[in-house]
Ligand code: DGL
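In my numbering, the protein residues as written are 247 to 504.
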């Protein structure tokens with residue numbers, strides 16, 4: 247059997263599990279190691295240098311554990327560090343995630359699109375360039391969401407407090423008749439049902455998880471690193487907040503339908 251080394255998946259916390267579950271759907275026979283840095287989360291309100299250092303350190307840990315490729319399943323870490331990682335590991339199949347603005351633009355002409363993301367993601371040049379690419383095809387409204395990832399880190403996907411937070415946040419843009427919302431942070435797909443409850447089913451919601459998983463498959467195929475195993479692969483979780491509670495939350499999120 248060839249290429250059974252795991253695919254390494256990294257996020258600042260448990261959010262990247264929304265990408266991991268897409269990876270498992272797209273490549274069920276691969277093995278995975280997931281590294282969540284919950285002890286240092288959130289990344290989105292830290293300095294650029296801090297996020298770079300933390301990201302590089304966590305990617306190194308995944309490679310030490312034998313990862314054959316890396317998915318940076320964090321929009322914030324991708325914006326801050328993916329260029330440095332590509333330079334450092336030119337041969338490595340490495341995929342980052344960015345807000346899924348393109349599919350939202352393609353879904354409806356001249357639409358009004360809200361991009362929910364961390365303060366750092368919307369501030370950095372990578373996002374500004376992405377927005378500029380589509381500015382003549384849609385109205386794109388960035389919506390920084392400080393404090394939102396913390397709910398998901400605590401396993402809170404449906405409390406009244408979360409509902410209040412999201413209602414107040416979305417109220418600031420909802421009066422502008424939005425057509426779609428892009429979830430530009432990998433934590434947010436876990437609260438998608440509640441966002442839909444608040445904005446209504448006529449607002450389309452996009453996230454980059456599936457596109458990222460398909461891109462990793464393409465890159466592994468190109469590098470001839472896809473496994474030829476036919477049995478189901480395993481997922482192994484590591485978290486810098488090494489508690490039983492955290493492990494349970496990771497398993498719960500991997501199998502949650504949210
Ligand atoms: N999950 C991360 C992202 O996609 C960020 C959350 C954070 O650490 O602030 O941006």
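The C-beta atom is built at its ideal place from N, Cα and C for all residues, glycine as well. Every value quoted in this text rests on a predicted model; they were computed, and no experiment measured them.
In the structure shown, residue 289 falls within a coil segment according to DSSP collapsed to helix, strand and coil. Inter-segment contact for the stretch 305 to 316 and the stretch 347 to 363 is absent: fewer than three beta-carbon pairs are separated by less than 8 Å.
In this structure the stretch 338 to 350 does not touch the stretch 404 to 414; the number of beta carbon pairs closer than 8 Å is below three. In terms of side-chain proximity, the C-beta atom of residue 326 is found no nearer than 7 Å to any non-hydrogen atom of ligand 1. Here residue 315 is near residue 465, since their CB atoms are less than 8 Å apart. In its chain, beyond the 5 residues on either side, 322, 364, 365, 366 have a beta carbon closer than 6 Å to the beta carbon of residue 290. Nearest to residue 251 by alpha-carbon distance, out of 447, 371, 284, 474, is 474.
Residue environment analysis places residue 488 among the exposed positions, since fewer than 16 neighbouring C-beta atoms fall within 10 angstroms of its C-beta. Taken in chain order, the whole alpha helix (DSSP H) runs of length 4 or more contained in the stretch 317 to 373 are 321 to 334, 347 to 353, 365 to 369.
Taking 4 residues as the minimum length, the alpha helix (DSSP H) runs contained wholly in the stretch 294 to 318 are 294 to 310, in order along the chain.
Sorting 254, 392, 262 by C-alpha distance to the C-alpha of residue 456 places 262 at the top. Under DSSP, residue 482 forms a beta bridge with 279. Residue 255 and residue 491 have their C-alpha atoms some 20 Å from each other. By a beta-carbon distance limit of 8 Å, residue 288 contacts residue 396. Their separation comes to about 7 Å. If you check the CB distance, residue 276 and residue 253 come in under 8 Å. Residue environment: residue 267 is assigned as buried (16 or more neighbouring CB atoms within 10 Å of its CB, all protein chains considered).
At a threshold of 7 Å, residue 289 counts as near ligand 1, since its beta carbon sits closer than that to one of the ligand's heavy atoms. Nearest Cα to residue 486 within the set 264, 260, 284: 284. In the displayed model, residue 403 falls within coil according to three-state DSSP, outside both helix and strand. Here the alpha carbon of residue 334 sits roughly 40 Å from the alpha carbon of residue 449.
By the CB criterion at 8 Å, residue 319 and residue 257 fall inside the cutoff.
For residue 498, the enclosing alpha helix (DSSP H) starts and ends at 490 to 501. In the DSSP secondary-structure assignment, residue 427 is bridged to 360, 451. Annotated as distal: residue 481 and residue 430, with beta-carbon spacing of 8 Å or more. Judged by DSSP in its simplified three-state form, residue 457 adopts helix. The DSSP-derived three-state label of residue 472 is coil.
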